[in-house]
């Protein structure tokens with residue numbers, strides 16, 4: 154019987170079908186529901202037409218959905234092999250954007266790829282999660298106390314952070330650094346090591362502020378006192394608060410939001426898309442969207458916990474933390490809790506870079522779920 158099992162191997166098509174069945178289709182349904190919310194919001198942001206924002210966005214989502222399923226079928230072994238070239242490509246694109254990138258809103262963040270504007274910093278976040286997951290899964294957590302083992306992953310994290318800061322893009326740089334720190338801690342980094350790394354942070358605030366660009370300083374000053382320049386730097390956040398407040402409990406009605414439809418609300422299709430939702434759908438609609446996002450974040454965490462291998466756990470956690478930071482920063486920004494930083498709301502805000510990279514990340518999350526029962530090999534539980 155054992156000999157028969159060893160001799161018989163499923164056909165490749167059989168294996169692909171089995172993996173396809175194992176995809177967490179309930180989570181995929183949640184992704185589609187969130188994209189549907191985005192379509193409705195962008196349809197309204199376009200003035201009641203799909204051609205402006207909604208149609209291009211849903212086309213990107215369709216392509217991203219196919220890509221997500223394809224990535225979900227890749228085994229951890231293949232993903233580990235691809236992690237290094239993917240990371241190097243992301244760093245190369247960050248370098249390229251500094252040399253020949255497109256300047257917009259005070260920063261150089263976009264490059265043209267095949268006629269489409271692409272923001273490499275979005276891709277860098279997912280590439281870093283994949284690279285760090287591959288690195289840490291090869292190290293025994295008990296040996297994480299050796300500082301020498303932390304130097305390569307630390308450099309892997311600091312390099313994209315430095316390049317993104319150079320653009321400059323402070324919000325995304327902070328998110329990349331936070332994702333890296335989370336994976337360090339989850340992989341088994343000692344608390345005393347974390348304390349040493351974080352000790353200088355409070356003292357760096359004044360130094361960092363001194364090196365910020367004028368428009369970044371204006372965002373911080375506006376966050377603290379938006380009423381000082383209501384028609385200039387404070388205009389965005391003041392209009393956002395007015396729109397959110399005018400929505401009340403049930404909203405002003407779909408396609409009837411005064412601030413959004415009359416174009417008082419700036420960047421309503423990107424950074425402030427949630428403000429349009431709150432204005433037109435009210436508190437009930439806004440809290441429903443937040444609940445959907447929360448379920449997706451929790452679902453990603455559960456996928457990470459269900460994985461029996463370190464690679465899947467770190468991969469699932471990294472993607473979930475990325476999704477959480479996207480949501481936390483954007484929602485806090487439009488509510489005036491933190492300075493405006495230009496971070497989109499996943500699958501809802503208009504934009505190709507964030508959409509495609511997030512769908513690639515969801516593909517990695519699905520791969521962790523499909524291969525959750527695979528255990529770490531002994532050779533992967535030793536030194537890197």
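Residue numbers (this note's numbering): 154 to 537.
Even glycine gets a Cβ: it sits at the ideal position worked out from N, Cα and C.
Burial state of residue i, where buried means 16 or more other Cβ atoms lie within 10 Å
i, result
"residue 157", "The predicted model places residue 157 with a pLDDT of 45, which falls under 50 and marks its position as unreliable, so this point remains unresolved."
"residue 290", "buried"
"residue 160", "Because residue 160 carries a pLDDT of 40, less than 50, the predicted location of this residue cannot be relied on, and the following value inherits that uncertainty. It is exposed - the Cβ of residue 160 has fewer than 16 other Cβ atoms within 10 Å."
"residue 214", "buried"
"residue 421", "buried"
"residue 387", "buried"
"residue 345", "exposed"
"residue 216", "exposed"
"residue 523", "buried"
"residue 525", "buried"
"residue 134", "The structure shown has nothing for residue 134, since the chain only spans 154 to 537."
"residue 528", "exposed"
"residue 174", "exposed"
"residue 315", "exposed"
"residue 462", "buried"
"residue 490", "exposed"
"residue 223", "exposed"
"residue 469", "buried"
"residue 516", "buried"
"residue 171", "exposed"
"residue 349", "exposed"
"residue 188", "buried"
"residue 326", "buried"
Identity of the residues DSSP links to residue i by a beta bridge
i, result
"residue 270", "265"
Backbone CA spacing between residue i and residue j [nearest angstrom]
i, j, result
"residue 293", "residue 310", "20 Å"
"residue 225", "residue 232", "10 Å"
"residue 389", "residue 229", "44 Å"
"residue 246", "residue 253", "10 Å"
"residue 251", "residue 220", "28 Å"
"residue 262", "residue 167", "43 Å"
"residue 520", "residue 450", "16 Å"
"residue 177", "residue 493", "35 Å"
"residue 485", "residue 424", "11 Å"
"residue 169", "residue 503", "33 Å"
"residue 322", "residue 211", "27 Å"
"residue 162", "residue 297", "Model confidence at residue 162 stands at a pLDDT of 49, short of 50, so the residue's coordinates are unreliable and nothing is read from them."
"residue 99", "residue 395", "Shown here, the chain extends from 154 to 537; a query on residue 99 therefore has no answer."
"residue 342", "residue 478", "21 Å"
"residue 458", "residue 318", "33 Å"
"residue 182", "residue 248", "37 Å"
"residue 334", "residue 510", "20 Å"
"residue 264", "residue 204", "24 Å"
"residue 320", "residue 332", "19 Å"
"residue 286", "residue 401", "44 Å"
"residue 505", "residue 208", "12 Å"
"residue 416", "residue 495", "19 Å"
"residue 480", "residue 272", "18 Å"
"residue 300", "residue 206", "49 Å"
Candidates the options, of which the one nearest residue i by Cα
i, options, result
"residue 274", "497, 520, 526, 173", "497"
"residue 439", "403, 336, 464, 460", "403"
"residue 512", "446, 499, 522, 521", "499"
"residue 238", "391, 277, 484", "277"
"residue 194", "328, 506, 446, 501", "501"
"residue 410", "174, 171, 197", "197"
"residue 288", "235, 331, 482", "235"
"residue 508", "407, 204, 175, 270", "270"
"residue 391", "488, 204, 272", "488"
"residue 186", "395, 469, 517, 446", "446"
"residue 453", "437, 444, 471", "471"
"residue 302", "272, 337, 326", "337"
"residue 406", "396, 395, 435", "435"
"residue 464", "339, 433, 483", "339"
"residue 199", "397, 418, 295", "418"
Residue i beta carbon near the ligand SAH (any heavy atom closer than 6 Å)
i, result
"residue 416", "The ligand SAH is not part of the structure shown, which contains no ligands of any sort."
Supposed close pair residue i, residue j - CB separation, criterion 8 Å
i, j, result
"residue 466", "residue 460", "5 Å"
"residue 284", "residue 240", "4 Å"
"residue 475", "residue 413", "With 8 Å as the limit, residue 475 and residue 413 do not qualify as a contact, their Cβ atoms being about 28 Å apart."
"residue 329", "residue 281", "6 Å"
"residue 442", "residue 426", "With a Cβ gap of about 10 Å, residue 442 and residue 426 do not count as contacting."
"residue 543", "residue 393", "Past the boundaries of the shown model lies residue 543; the chain is included only from 154 to 537, so the question cannot be answered."
"residue 518", "residue 448", "Actually they are not in contact, since the Cβ atoms of residue 518 and residue 448 sit about 14 Å apart, beyond 8 Å."
"residue 244", "residue 312", "6 Å"
"residue 190", "residue 324", "Contact flag wrong, Cβ pair sits at about 23 Å."
"residue 432", "residue 397", "7 Å"
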